[in-house]
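In structure tokens, the structure reads:
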């Protein structure tokens with residue numbers, strides 16, 4: 377009997393020591409085994425399963441007025457939120473804080489440019505993002521949610537799961553849907569001019585630049601090739617991650633880990649109009665002026681040292697454009713559960 381009592385006493389001593397060790401543990405570990413995280417910033421303690429989000433809002437974006445903080449909290453009652461509503465001048469500081477806090481995800485409310493900035497941070501830090509619909513094209517939000525409706529997206533947040541999206545790179549700049557070269561640059565500048573405060577002046581300048589580029593574009597001075605293939609010429613080039621159809625209708629599906637490249641050669645304005653008609657009727661893939669290939673990488677030779685390219689619908693000047701590469705699974709996001717479609721290898 378003494379042996380049994382001694383054994384029970386030893387177990388009691390060990391349990392007491394374990395509890396004392398847990399209580400002496402560093403604050404960030406909380407109570408060992410209890411799944412409780414202690415906070416020193418005034419927030420309530422979180423369980424291991426509780427999600428905490430930092431919401432960064434670009435207050436100048438039109439979408440900020442459509443974002444409903446109360447609807448967000450009602451849709452995710454078990455989560456905690458920190459809201460950072462800032463002007464464009466303070467976005468970088470807000471992102472610094474948001475990503476350094478290592479939340480479950482950074483929710484981004486703003487335009488396409490704000491979403492791209494956040495995505496670049498997510499790639500470098502490994503912290504997932506949830507870009508909300510609020511831009512003109514809503515490229516990333518449509519990939520995340522499958523639609524561009526703000527209210528639906530807020531309601532969908534509890535359904536999101538961790539995913540990793542492929543990232544394209546060109547000249548040191550990432551893109552998340554497509555990169556376009558050649559005539560696409562002046563065309564996009566014209567579109568951007570229609571949204572400018574100095575609309576008429578900007579449209580006149582952009583239209584003039586577009587007309588000046590028609591001639592050079594038809595000379596097919598852009599050259600490209602995929603590995604182990606010969607150099608080809610084009611007047612415009614679009615390189616999409618996964619599938620070109622995603623450029624027209626971004627979705628949540630898996631289109632394969634590859635680049636799909638569309639090379640367009642047009643010799644006259646008439647051919648440009650003809651291809652435009654084919655595009656509007658949905659028959660553009662069958663156009664004899666279009667060459668489509670799939671690859672993991674492409675090499676480029678452009679006539680300008682600092683060409684105007686279009687990344688995810690945003691025009692920008694980029695230096696050192698030579699290769700377009702694919703970085704598989706580099707962008708961490710929370711997104712709707714994956715729907716698999718075409719998995720044809722490149």
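Residue numbers (my numbering): 377 to 722.
Every residue, glycine too, gets a C-beta built ideally from N, C-alpha and C.
Owing to the predicted nature of the structure, the values given are computational and were not obtained by experimental measurement.
Could you check the C-alpha separation between residue 640 and residue 680 for me, to the nearest Å?
Locating residue 640 in the chain shown gives position 264, where the first residue counts as 1. Locating residue 680 in the chain shown gives position 304, where the first residue counts as 1. Going by the C-alpha atoms only, they are around 19 Å apart.
DSSP state of residue 673 mapped onto helix, strand, coil:
By 1-based counting over the chain shown, the position of residue 673 is 297. Here DSSP, grouped into helix, strand and coil, assigns residue 673 to strand.
Return the CA-CA distance between residue 481 and residue 606, expressed in angstroms with no decimal places.
Within the chain shown, residue 481 is the residue found at index 105, counting from 1. Within the chain shown, residue 606 is the residue found at index 230, counting from 1. Straight-line Cα distance between these residues: approximately 44 Å.
Using the three-state DSSP reduction, which class does residue 579 fall into: helix, strand or coil?
For the purposes of this step, residue 579 is taken as residue 203 along the chain shown, with counting starting at 1. Low confidence applies to residue 579: its pLDDT is 47, below 50, so where it sits in the model is not reliable enough to give any reading.
When you compare the CB positions of residue 522 and residue 712, do they come within less than 9 Å of one another, or not?
Within the chain shown, numbered from 1, the residue matching residue 522 stands at position 146. Within the chain shown, numbered from 1, the residue matching residue 712 stands at position 336. Yes, they are a contact pair.
Rounded separation between residue 459 and residue 525 - CA only:
Taking the chain shown and counting its residues from 1, one reaches residue 459 at position 83. Taking the chain shown and counting its residues from 1, one reaches residue 525 at position 149. Distance between the alpha carbons of residue 459 and residue 525: 20 Å.
Run through the stretch 527-566 for me and flag every whole beta strand (DSSP E) of 3 or more residues, listed as ranges in chain order.
Runs found: 537-546, 549-551, 554-558.
Answer with buried or exposed for residue 463, where buried requires no fewer than 16 other C-beta atoms within 10 angstroms of its C-beta.
As a first step, residue 463 is located in the chain shown; it is residue number 87 there, counting from the start. Exposed is the call here.
Straight-line Cα distance separating residue 553 from residue 614:
The count along the chain shown starts at 1 and reaches residue 614 at position 238. The count along the chain shown starts at 1 and reaches residue 553 at position 177. Computed Cα separation, rounded: 10 Å.
In chain order, what residues of the same chain have a beta carbon less than 6 Å from the beta carbon of residue 705, not counting five sequence neighbours either side?
Here residue 705 refers to the residue found at position 329 when the chain shown is read from its first residue. Counting only Cβ-Cβ distances below 6 Å, and skipping sequence neighbours, we find 540.
I need the boundaries of the alpha helix (DSSP H) containing residue 757, first residue and last residue.
Since the displayed the chain opens at 377 and closes at 722, residue 757 lies outside it and no answer follows.
Assuming residue 451 contacts residue 533 under a Cβ cut-off of 8 Å, what Cβ separation, rounded to an integer in Å, is found between them?
Position 75 of the chain shown holds residue 451. Position 157 of the chain shown holds residue 533. At roughly 6 Å, the Cβ-Cβ gap stays under 8 Å, so residue 451 and residue 533 are in contact.
Identity of the residue in 555, 529, 544 nearest residue 688 by Cα:
Walking along the chain shown from the start, residue 688 turns up at place 312. Cα-wise, what sits closest to residue 688 is 555.
Suppose the cutoff is 7 Å on Cβ atoms and the five residues either side in sequence are ignored; what does the same chain contact list for residue 477 look like?
Along the chain shown, one-based indexing puts residue 477 at 101. Here residue 477 has 430 as same chain residues with Cβ atoms under 7 Å from its own Cβ, once five neighbours each way along the sequence are excluded.
Alpha carbon of residue 490 to alpha carbon of residue 461, nearest angstrom
One-based indexing of the chain shown puts residue 490 at position 114. One-based indexing of the chain shown puts residue 461 at position 85. Between residue 490 and residue 461, the alpha-carbon positions lie close to 13 Å from each other.
Buried versus exposed, by CB contacts within 10 Å (16 or more), residue 674
Within the chain shown, the letter at position 298 stands for residue 674. Buried is the call here.
Quick one: is residue 709 buried, meaning 16 or more other Cβ sit within 10 Å of its Cβ, or exposed?
As a position in the chain shown, residue 709 is number 333, starting the count at 1. Residue 709 is buried by the Cβ-count criterion.
Which one or two residues does DSSP pair with residue 456 in a beta bridge?
As a working mapping, residue 456 is identified with position 80 in the chain shown. Beta-bridge pairing links residue 456 to 428.
Residue environment, residue 485, which counts as buried when at least 16 other CB atoms sit within 10 Å:
As a working note, residue 485 is residue 109 in the chain shown. Classification of residue 485: buried, given that the 10 Å Cβ count is 16 or more.
With distances taken between CB atoms, is the gap from residue 544 to residue 702 smaller than 9 Å?
Working through the chain shown from its first residue, we reach residue 544 at position 168. Working through the chain shown from its first residue, we reach residue 702 at position 326. Yes, these two residues count as a Cβ contact at 9 Å.
With a 10 Å radius around its C-beta and 16 neighbouring C-beta atoms as the bar for buried, classify residue 397 as buried or exposed.
Here residue 397 refers to the residue found at position 21 when the chain shown is read from its first residue. Confidence at residue 397 is low in this model, with a pLDDT of 45, below 50, so the placement of that residue should be treated as unreliable; the coordinate-derived value is given next. By the Cβ neighbour-count rule, residue 397 is exposed, with fewer than 16 other Cβ atoms within 10 Å of its own.
Does DSSP classify residue 639 as helix, strand or coil?
Within the chain shown, numbered from 1, the residue matching residue 639 stands at position 263. DSSP places residue 639 in strand when its eight states are reduced to three.
Might you give, ordered along the chain, the residues of its own chain that have their beta carbon closer than 6 Å to the beta carbon of residue 618, omitting 5 neighbours on each side?
As a working mapping, residue 618 is identified with position 242 in the chain shown. Once the five neighbours on either side are set aside, the close Cβ partners of residue 618 are 631, 632.
Terminal residues of the alpha helix (DSSP H) in which residue 489 lies:
As a position in the chain shown, residue 489 is number 113, starting the count at 1. Segment 488-501, the alpha helix (DSSP H) holding residue 489.
What is the DSSP secondary structure of residue 697, counted as helix, strand or coil?
Here residue 697 is taken as the residue at index 321 of the chain shown, counted from 1. Coil, per DSSP.
For a test of the three-state rule: what should DSSP assign to residue 666, helix, strand or coil?
Within the chain shown, the letter at position 290 stands for residue 666. Looking at residue 666 - three-state DSSP - the assignment turns out to be strand.
If residue 437 sits next to residue 502, beta carbons under 8 Å apart, how far is it from one beta carbon to the other, in whole angstroms?
For this step, residue 437 is matched to residue 61 along the chain shown. For this step, residue 502 is matched to residue 126 along the chain shown. The pair is not a contact, with the Cβ atoms about 26 Å apart (cut-off 8 Å).
Can you give me the Cβ contacts of residue 571 inside the same chain, cut-off strictly under 6 Å, excluding the 5 residues immediately before and after it?
Position 195 of the chain shown, counted from the start, is the residue given in the question as residue 571. Residue confidence for residue 571 is low, a pLDDT of 49 falling below 50, so the modelled location carries little weight and cannot support an answer.
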